[in-house]
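> Protein chains in written order, with this note's numbering: chain B, 1 to 250; chain E, 251 to 500; chain F, 501 to 818; chain D, 819 to 1136.
Just dropping this structure here.
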Amino acid sequence: MQVVDITDSINESDNIKTIKFKWPAESKPGQFIMVWIPGVDEIPMSLSYSDGITVDSVGEATQAIHALEKGSQIGIKGPYGNGFDLSGNDFLLIGGGTGIAALAMAAENLSQAGKKIRIAIGARTASDLLFVERMKALGEVHIATDDGSSGHHGFITQVAEKLITVKKPDMILACGPEPMMASAVKLAHKIPIQCSLERHMKCGFGICGSCQCGKFTVCKDGPVFSGEQLGQMEDFGKWKRDSSGKSVWF
Amino acid sequence: MQVVDITDSINESDNIKTIKFKWPAESKPGQFIMVWIPGVDEIPMSLSYSDGITVDSVGEATQAIHALEKGSQIGIKGPYGNGFDLSGNDFLLIGGGTGIAALAMAAENLSQAGKKIRIAIGARTASDLLFVERMKALGEVHIATDDGSSGHHGFITQVAEKLITVKKPDMILACGPEPMMASAVKLAHKIPIQCSLERHMKCGFGICGSCQCGKFTVCKDGPVFSGEQLGQMEDFGKWKRDSSGKSVWF
Amino acid sequence: MVETFNRFPQSPDVLMADIKIEIAGIRLENPTMLASGILGQTGQSLLRIIHEGGAGAVVTKSIGLEPRTGHGNPCAIELKNGLLNAMGLPNPGIDAFGSELKIALKSNAPVIASIFADTGEKFSTLASRMEEHGAHAVELNLSCPHAEKYGLDMGSDPLKVSDIVGQVKDSVKIPVFAKLSPMVPDIGHIALAVQEAGGDAVVAINTIKAMRIEPEIGMPVLKNNVGGISGPAIKPAGIRAVYEIAGKVDIPIIGVGGVTTGLDAIEYIMAGASAVQIGSGVHYRGIDVFQKVSQEISEFMDRKGYASLQDIIGIARD
Amino acid sequence: MVETFNRFPQSPDVLMADIKIEIAGIRLENPTMLASGILGQTGQSLLRIIHEGGAGAVVTKSIGLEPRTGHGNPCAIELKNGLLNAMGLPNPGIDAFGSELKIALKSNAPVIASIFADTGEKFSTLASRMEEHGAHAVELNLSCPHAEKYGLDMGSDPLKVSDIVGQVKDSVKIPVFAKLSPMVPDIGHIALAVQEAGGDAVVAINTIKAMRIEPEIGMPVLKNNVGGISGPAIKPAGIRAVYEIAGKVDIPIIGVGGVTTGLDAIEYIMAGASAVQIGSGVHYRGIDVFQKVSQEISEFMDRKGYASLQDIIGIARD
Ligand SMILES: Cc1cc2nc3c(=O)[nH]c(=O)nc-3n(C[C@H](O)[C@H](O)[C@H](O)COP(=O)(O)OP(=O)(O)OC[C@H]3O[C@@H](n4cnc5c(N)ncnc54)[C@H](O)[C@@H]3O)c2cc1C
Ligand SMILES: Cc1cc2nc3c(=O)[nH]c(=O)nc-3n(C[C@H](O)[C@H](O)[C@H](O)COP(=O)(O)OP(=O)(O)OC[C@H]3O[C@@H](n4cnc5c(N)ncnc54)[C@H](O)[C@@H]3O)c2cc1C
Ligand SMILES: Cc1cc2nc3c(=O)[nH]c(=O)nc-3n(C[C@H](O)[C@H](O)[C@H](O)COP(=O)(O)O)c2cc1C
Ligand SMILES: Cc1cc2nc3c(=O)[nH]c(=O)nc-3n(C[C@H](O)[C@H](O)[C@H](O)COP(=O)(O)O)c2cc1C
Ligand code: FES
Ligand code: FES
Chain B
1 MQVVDITDSI
11 NESDNIKTIK
21 FKWPAESKPG
31 QFIMVWIPGV
41 DEIPMSLSYS
51 DGITVDSVGE
61 ATQAIHALEK
71 GSQIGIKGPY
81 GNGFDLSGND
91 FLLIGGGTGI
101 AALAMAAENL
111 SQAGKKIRIA
121 IGARTASDLL
131 FVERMKALGE
141 VHIATDDGSS
151 GHHGFITQVA
161 EKLITVKKPD
171 MILACGPEPM
181 MASAVKLAHK
191 IPIQCSLERH
201 MKCGFGICGS
211 CQCGKFTVCK
221 DGPVFSGEQL
231 GQMEDFGKWK
241 RDSSGKSVWF
Chain E
251 MQVVDITDSI
261 NESDNIKTIK
271 FKWPAESKPG
281 QFIMVWIPGV
291 DEIPMSLSYS
301 DGITVDSVGE
311 ATQAIHALEK
321 GSQIGIKGPY
331 GNGFDLSGND
341 FLLIGGGTGI
351 AALAMAAENL
361 SQAGKKIRIA
371 IGARTASDLL
381 FVERMKALGE
391 VHIATDDGSS
401 GHHGFITQVA
411 EKLITVKKPD
421 MILACGPEPM
431 MASAVKLAHK
441 IPIQCSLERH
451 MKCGFGICGS
461 CQCGKFTVCK
471 DGPVFSGEQL
481 GQMEDFGKWK
491 RDSSGKSVWF
Chain F
501 MVETFNRFPQ
511 SPDVLMADIK
521 IEIAGIRLEN
531 PTMLASGILG
541 QTGQSLLRII
551 HEGGAGAVVT
561 KSIGLEPRTG
571 HGNPCAIELK
581 NGLLNAMGLP
591 NPGIDAFGSE
601 LKIALKSNAP
611 VIASIFADTG
621 EKFSTLASRM
631 EEHGAHAVEL
641 NLSCPHAEKY
651 GLDMGSDPLK
661 VSDIVGQVKD
671 SVKIPVFAKL
681 SPMVPDIGHI
691 ALAVQEAGGD
701 AVVAINTIKA
711 MRIEPEIGMP
721 VLKNNVGGIS
731 GPAIKPAGIR
741 AVYEIAGKVD
751 IPIIGVGGVT
761 TGLDAIEYIM
771 AGASAVQIGS
781 GVHYRGIDVF
791 QKVSQEISEF
801 MDRKGYASLQ
811 DIIGIARD
Chain D
819 MVETFNRFPQ
829 SPDVLMADIK
839 IEIAGIRLEN
849 PTMLASGILG
859 QTGQSLLRII
869 HEGGAGAVVT
879 KSIGLEPRTG
889 HGNPCAIELK
899 NGLLNAMGLP
909 NPGIDAFGSE
919 LKIALKSNAP
929 VIASIFADTG
939 EKFSTLASRM
949 EEHGAHAVEL
959 NLSCPHAEKY
969 GLDMGSDPLK
979 VSDIVGQVKD
989 SVKIPVFAKL
999 SPMVPDIGHI
1009 ALAVQEAGGD
1019 AVVAINTIKA
1029 MRIEPEIGMP
1039 VLKNNVGGIS
1049 GPAIKPAGIR
1059 AVYEIAGKVD
1069 IPIIGVGGVT
1079 TGLDAIEYIM
1089 AGASAVQIGS
1099 GVHYRGIDVF
1109 QKVSQEISEF
1119 MDRKGYASLQ
1129 DIIGIARD
């Protein structure tokens, strides 16, 4: 656990903020951290920057993160998890909701390595779309919203399907709601795909078993899993476990 | 604590054996180790070689060491203590009894560094004289025995006194019975001297206080002390402490 | 004169040490087990620890009568010399756990069901349910240091311990293990109560009550404030506990606490343990820590010329 | 919404933190003391710890009525995360110790005399003798984990504790501290017994019962087999103990166990300690560990804007 100072808090949308902190640790795209908000909670957050997280305010802990100001202190455990395997040349990235946060650094790395990337970003509505400008600087961006307020009216997976038909990528990276990723895996068919999963996390470093998905721990074996691994998980896309370990259907 | 295999056991005299062991640790001349003879005791022993000790059999633990055979195992803590400061050019070494064991590696180092050394070795009787051949290869050796069976008939400090008169060394190293070292300090007068002390040792690494001499711990601040430090110790040459911490006169 | 230096037979003709062991009638291929509460919450994870990890047996997460979410986050952090946790006994409850156990039982390795409760009666109910579900043994958690009413609160009182063990013994036919805490002045005394009540094995130790305060923040890090420390920091306390218990009881002892290497396991076994459990070691060396430790035990025994585990169990007591 | 993140005043005008502290009327220049049993056997060594080491106070080695040689060697070894010892309370006895105390009292720092015995009457005799010799306070060792009849054997029973503390309080005017062991299920309960019997401060913790077996040899390393572990490995247990005691008593608490840095000390102080004792830290950082730790405490307080120790004592409890 390392205590860090908040250096910046940036509004991304009504409900989403990016928080930056003084944290010199090395990390890989797709890794996450456990964020301790003293007195409140400790929750998993993908690194959307090497020194930042992008947080959708959905409950007590995320609200508390939104309330952090420059100079506030939080505790960080990590970086944890495996991160994305970035071998391949022609990438399709599919990000739903805050899922694009987990993909952003991967996109930057790939772009820097001169690889071809197409990025499909989905959200409920236009104002919720995240990192559109940041991604446009890196590759071809395609958009979908549930309400049609921007880009394709409908699911981002429908956009992805078209993009695959236009030209087969040799690797797909996806992060977002699990049902979305389940359809991504289906439409990827034989194209290699990696999905970043979310499960209820307690320890974050692979000992408590709370984030178990199939035989894997999401925090240590994941959060990124290959299509093949996902195929071995009977629960993927179907159910997750609550904080007592009981199964809950999606 | 490191467990090592005994590689050799060499008779030095009726009552004295050198024990060698497989022990790759680095050490400085004048340092000592704590030797654990499993089931028996753990006792301090000067390193007479970088991988060996030379042991006078005086009681249960030293007898047990004499009984060790090739392949037996002992435990070693250390090397401990400060060791000798070998700066200077013209050395006089004064070793009484097994005291020469603590000086032997210093003599070798000095000789290798091309420094002038004279070595005064004392013992009760000729057959107890230790390392005479080993020392002759390194410098000028002078001998005294209490019974006159070899060399000067009398104390080794008398020999040392003459040697100093012949030519003043610029550093004296002494190890042996404490009263012998007390006279050595006196006759050194203004010549720098270092003496290696013996006190009852329990921990060996400076926490238990059992080896206290004046304000110093012999195991950690020593076992080698300068004439100046010895001058600050009201107990030097007068009394030591038993294993309860009570003072006992020499 | 003394002649205790070479206690080892050193016979070069013994080529491969036998590291199988039987505890209260339960046969293990090797003396390493998964400790309770580490990844043992689902059937799939238990299976993986056996198949990929190489554990000789697995102990499930401690299961209670009702589902329990446990303490809030942070509930587990890394310290310099160990792990600090206050999970607070989260578990899906005995009803939901039956299906997990069924999955775990697909392997050939023994599955030991850890249970917790606050009365002997509830312990008995849980044990019977676990027996019905097919568990090979039950382990009574009498030692959790950070869940009020449970664990240590009962496990430090020899009368309560013998009452609970006695009641459970009356309710099931499978072996009953009791897991003890080192946070008592005389653990041998508690172990004796287990034996006298008919317990089949003693498991020691659970975590030691501990805490971390973050100076920068001025607050305890764990949401529950107080937790328990596991891992290398507690090994010396675990070895001591097993050694003292071995001086008091004849039933088998299972050593737990800070085992990460084969030599750690050997130290427990020499103190009197017939097998070891590994929890934090999964973090330090990966889930195949069981295989690694077993391998290292074998290598040690081969080098020293030991034919079977029986030859070293309790040897440091002689 | 929650607003507990910044508990620190951060006032930049406080330039130098005040780290003086008074405990039961005894004034310390800084909150670090030498723990009992580390180099505290002679007057000269106690003086040196004050003058060269920079300790705010020193506690003597535990002294009994008669001279005692203690356990045989090996009696202290280094483990990976701490020191393991079974000294066995060696000491020259109260008669011989008077002259040592006289030497130690030449300094300006308080000298606290640690004593051990197996009855309240003997404790009282020792305390009176120490008072005559000039000790500023006595510390009752109710917690040595490896000397039969002494220490933990009494210190784990609240009735015995209150009996001993009560008797000593009746015999001396100087403050009486009681040093407790963490090897009990509820240390707060024992601390309460100290307070109720009139004790002036609680000292926690002593070493935790532990053991090392050398696999190569197949024997315990300590001559006494069982000893106590100190140093970094036990800090989390010590912090927890102080935190729990602070929830039960109003008398000052002195934290001991694994302090090697200023932040370790701060952690104890935030848990509720008014001062800390340092034992193994002498090994890890040299005899000037007291000076170093004091310096680091000051630096922390200055950086965080704290004016005095009072501002952080027990802050993690709020
Ligand atoms: C690997 C990983 C990466 C994540 N990355 C991001 C990110 O980049 N941006 C983002 O906004 N969110 C991310 N999340 C989700 C985020 O952790 C939850 O939104 C957050 O925990 C909600 O906490 P709360 O107290 O605000 O809400 P609560 O009211 O406590 O809970 C709301 C929902 O959040 C989820 N949740 C709560 N606690 C946890 C927990 N300990 N572990 C996992 N999920 C929990 C549950 O689904 C719960 O129903 C990530 C989750 C995981 C597992
Ligand atoms: C730094 C140092 C270096 C030494 N180097 C050598 C050496 O190179 N060769 C050698 O033969 N001897 C050396 N000694 C002395 C050696 O440690 C003792 O002779 C040995 O401990 C005797 O043990 P015992 O069981 O055989 O005898 P015992 O019958 O136990 O005791 C005989 C005498 O040995 C001394 N002694 C016993 N235990 C200890 C102890 N733990 N610490 C210190 N002294 C003890 C006491 O004076 C005692 O009266 C050294 C001692 C010290 C302190
Ligand atoms: C995260 C975690 C959860 C634990 N949960 C339980 C539990 O539910 N029941 C139990 O009896 N012990 C539990 N323990 C204790 C372990 O089973 C074991 O006794 C302890 O961790 C010491 O072993 P180790 O050093 O190998 O981890 C838990 C330990 C950890 C670290
Ligand atoms: C070598 C040694 C000797 C000790 N002797 C005593 C003693 O005589 N009386 C006592 O109360 N505590 C004794 N202790 C315990 C310490 O005072 C202290 O409580 C313990 O070591 C934890 O603190 P630390 O981690 O700073 O060492 C001793 C500890 C050590 C390491
Ligand atoms: S959160 Fe604990 S194992 Fe993943
Ligand atoms: S032998 Fe313990 S301090 Fe020197």
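Built from N, CA and C at the ideal position, the CB exists for glycine as well.
Hey, out of D:Ala835, D:Met834, D:Glu840 and D:Asp836, whose CA is closest to Ala1091 (chain D)'s CA?
Along the fourth sequence, read from residue 1 onward, the residue named residue 1091 (chain D) stands at position 273. Of the listed residues, the one whose Cα sits closest to Ala1091 (chain D) is D:Glu840.
> Tell me, please, whether the region 340 to 353 of chain E touches the region 480 to 494 of chain E by the rule of three or more beta-carbon pairs shorter than 8 Å.
With a cut-off of 8 Å, the region 480 to 494 of chain E and the region 340 to 353 of chain E do not count as touching, because too few Cβ pairs lie within range.
> Can you name the start and end residues of the beta strand (DSSP E) that Leu93 (chain B) belongs to?
What you label residue 93 (chain B) is simply residue 93 of the first sequence in a count that begins at 1. Counting along the chain, the beta strand (DSSP E) containing Leu93 (chain B) begins and ends at Asp90 to Gly96.
> So is the beta-carbon of Gln63 (chain B) under 7 Å away from any non-hydrogen atom of ligand 1?
One-based indexing of the first sequence puts residue 63 (chain B) at position 63. Within the cutoff, so yes.
> Helix or strand or just coil, what does DSSP make of Met719 (chain F)?
Taking the first residue of the third sequence as position 1, residue 719 (chain F) is located at position 219. The answer is strand: DSSP assigns Met719 (chain F) an E or B state.
> Leaving out five residues before and five after Pro1050 (chain D) in sequence, what residues of the same chain have Cβ atoms less than 7 Å from its Cβ?
Taking the first residue of the fourth sequence as 1, we reach residue 1050 (chain D) at position 232. Correct list, in chain order: Asn899, Gly900, Gly1076 and Thr1078.
> Compile a chain-ordered list of the residues in the region 687 to 720 of chain F whose CB is closer than 9 Å to at least one CB of chain D.
Here the close residues are Ile687, Ile708, Lys709, Ala710, Met711, Arg712, Ile713, Glu714, Pro715, Glu716, Ile717, Gly718, Met719 and Pro720.
> Could you give the C-beta distance for Val676 (chain F) and Gly699 (chain F), rounded to a whole number, given that I count them as a contact under 8 Å?
Residue mapping note: residue 676 (chain F) aligns to position 176 of the third sequence, counting from 1. Residue mapping note: residue 699 (chain F) aligns to position 199 of the third sequence, counting from 1. Right, the Cβ-Cβ distance comes to about 6 Å (below 8 Å), so this counts as a contact.
> Quick one: residues in its chain with C-beta nearer than 7 Å to the C-beta of Glu621 (chain F), no 5 flanking neighbours on either side, listed in chain order?
On the third sequence, residue 621 (chain F) is found 121 positions in, with the first residue counted as 1. For Glu621 (chain F), where only same-chain residues beyond five positions count, the Cβ hits under 7 Å are Gln667.
> In its own chain, which residues sit with a C-beta less than 7 Å from the C-beta of Ser361 (chain E), not counting the 5 before and 5 after it?
Here residue 361 (chain E) corresponds to residue number 111 of the second sequence, with the count starting at 1. Excluding residues within five positions, the ones whose Cβ falls inside 7 Å are Ile367, Leu388 and Gly389.
> Using 7 Å as the cut-off, classify the Cβ of Ser798 (chain F) as near or not near the heavy atoms of ligand 5, replying yes or no.
If you number the third sequence from 1, residue 798 (chain F) lands on position 298. For ligand 5, not one heavy atom lies less than 7 Å from the Cβ of Ser798 (chain F).
> For Gly569 (chain F), return the contacting residues in chain B, with the cut-off set at a CB-CB distance below 8 Å.
Walking along the third sequence from the start, residue 569 (chain F) turns up at place 69. For the record, residue 569 (chain F) in the displayed sequence is Thr; it is not Gly. Asp242, Ser243 and Ser244, listed in chain order.
> Which residues in chain B have a C-beta closer than 7 Å to the C-beta of Pro592 (chain F)? List them in chain order.
Locating residue 592 (chain F) in the third sequence gives position 92, where the first residue counts as 1. What Pro592 (chain F) touches in chain B: Ser244, Gly245 and Lys246.
> Out of F:Ile690, F:Pro685, F:Val638 and F:Ala647, which has the shortest C-alpha to C-alpha gap to Val663 (chain F)?
In the third sequence, the residue the question calls residue 663 (chain F) occupies position 163. Note on residue identity: the sequence assigns Asp, not Val, to residue 663 (chain F). Among F:Ile690, F:Pro685, F:Val638 and F:Ala647, the Cα nearest to that of Asp663 (chain F) belongs to F:Ile690.
> Roughly how many whole angstroms lie between the Cα atoms of Met516 (chain F) and Ile766 (chain F)?
Mapped onto the third sequence, residue 516 (chain F) falls at position 16. Mapped onto the third sequence, residue 766 (chain F) falls at position 266. Going by the C-alpha atoms only, they are around 16 Å apart.
> In whole angstroms, what is the alpha-carbon distance linking Asn11 (chain B) and Thr532 (chain F)?
Residue mapping note: residue 11 (chain B) aligns to position 11 of the first sequence, counting from 1. Residue mapping note: residue 532 (chain F) aligns to position 32 of the third sequence, counting from 1. One C-alpha to the other measures close to 52 Å.
> Since Cys962 (chain D) meets chain E, which of its residues come closer than 9 Å, beta carbon to beta carbon?
As a working mapping, residue 962 (chain D) is identified with position 144 in the fourth sequence. Neighbours of Cys962 (chain D) on chain E: none; closest Cβ ~14 Å, over 9 Å.
> Assuming Asn848 (chain D) is part of the beta strand (DSSP E), what are its boundary residues?
As a position in the fourth sequence, residue 848 (chain D) is number 30, starting the count at 1. From DSSP, Asn848 (chain D) is part of no beta strand (DSSP E); its letter is neither H nor E.
> Between Arg1135 (chain D) and ligand 2, is the CB less than 7 Å from at least one heavy atom?
By 1-based counting over the fourth sequence, the position of residue 1135 (chain D) is 317. It does not: the Cβ of Arg1135 (chain D) is nowhere closer than 7 Å to a heavy atom of ligand 2.
> Check the Cβ of Met905 (chain D) against every Cβ in chain C and list those closer than 9 Å, keeping chain order.
The displayed structure is made up of protein chains B, E, F and D, and chain C is not among them.
> In chain order, which continuous runs of the beta strand (DSSP E) of length 3 or greater are located wholly inside the region 657 to 706 of chain F?
You should have 676 to 680 and 701 to 704.
> Taking only beta-carbon atoms, is Asn573 (chain F) less than 8 Å away from chain B?
As a working note, residue 573 (chain F) is residue 73 in the third sequence. True, the Cβ-Cβ gap to chain B drops below 8 Å.
> Starting from Val1100 (chain D), find everything on chain E with Cβ-Cβ shorter than 8 Å and list it in chain order.
Looking up residue 1100 (chain D) in the fourth sequence gives position 282. Going along chain E in sequence order, the residues near Val1100 (chain D) (Cβ under 8 Å) are Gly456 and Ile457.
> Please classify Ala710 (chain F): does DSSP put it in a helix, a strand, or coil?
In the third sequence, counting from the first residue as 1, residue 710 (chain F) sits at position 210. Strand at Ala710 (chain F).
> Quick one, which of D:Pro963, D:Pro1033 and D:Gly882 has its alpha-carbon nearest Ala931 (chain D)'s?
The count along the fourth sequence starts at 1 and reaches residue 931 (chain D) at position 113. Closest option to Ala931 (chain D), Cα to Cα, is D:Gly882.
> Less than 8 Å between CB atoms is the rule here; does Thr555 (chain E) satisfy it with respect to chain D?
In the structure as shown, chain E begins at 251 and stops at 500. Residue 555 (chain E) is therefore absent and cannot be evaluated.
> Mind the definition here: the region 270 to 281 of chain E touches the region 297 to 306 of chain E only if three or more C-beta pairs lie below 8 Å; say whether that holds.
The region 270 to 281 of chain E, when compared against the region 297 to 306 of chain E, does touch it at the 8 Å Cβ threshold.
> Is the closest heavy atom of ligand 6 to the C-beta of Ser247 (chain B) under 7 Å?
Locating residue 247 (chain B) in the first sequence gives position 247, counting from the first residue. For ligand 6, not one heavy atom lies less than 7 Å from the Cβ of Ser247 (chain B).
> Who pairs with Cys175 (chain B) in a beta bridge, going by DSSP?
If you number the first sequence from 1, residue 175 (chain B) lands on position 175. In the DSSP output, where bridge partners are listed per residue, Cys175 (chain B) has B:Gly95 and B:Ser196.
> How would you call Gly525 (chain F), buried or exposed, if buried means at least 16 neighbouring beta carbons within 10 angstroms?
On the third sequence, residue 525 (chain F) is found 25 positions in, with the first residue counted as 1. Label assigned to Gly525 (chain F): exposed.
> Could you check if Gln810 (chain F) is buried or exposed, using at least 16 other CB atoms within 10 Å of its CB as the buried criterion?
For the purposes of this step, residue 810 (chain F) is taken as the residue at position 310 of the third sequence. So Gln810 (chain F) counts as exposed.
> Identify whether Ile1063 (chain D) lies in helix, strand or coil by the three-state DSSP scheme.
Stepping through the fourth sequence from its first residue, residue 1063 (chain D) is reached at position 245. Here Ile1063 (chain D) sits in helix by DSSP.
> Buried or exposed: which applies to Val498 (chain E), given that a residue is buried once 16 or more other Cβ atoms fall within 10 Å of its Cβ?
For the purposes of this step, residue 498 (chain E) is identified with residue 248 of the second sequence, where counting begins at 1. Exposed.
> Under the three-state reduction of DSSP, which class applies to Thr630 (chain F): helix, strand or coil?
In the third sequence, counting from the first residue as 1, residue 630 (chain F) sits at position 130. The amino acid at residue 630 (chain F) is misidentified as Thr; the sequence shows Met. Looking at Met630 (chain F) - three-state DSSP - the assignment turns out to be helix.
> Return the Cβ separation of Ala737 (chain F) and Ala771 (chain F) in integer angstroms, given the expectation that the two are a contact with Cβ distance under 8 Å.
For the purposes of this step, residue 737 (chain F) is identified with residue 237 of the third sequence, where counting begins at 1. For the purposes of this step, residue 771 (chain F) is identified with residue 271 of the third sequence, where counting begins at 1. Not really, about 12 Å apart at Cβ, beyond 8 Å.
> How about Phe1108 (chain D): is its C-beta nearer than 8 Å to some C-beta of chain F?
The residue given as residue 1108 (chain D) occupies position 290 in the fourth sequence. Answer no: the Cβ-Cβ gap between Phe1108 (chain D) and chain F never drops below 8 Å.
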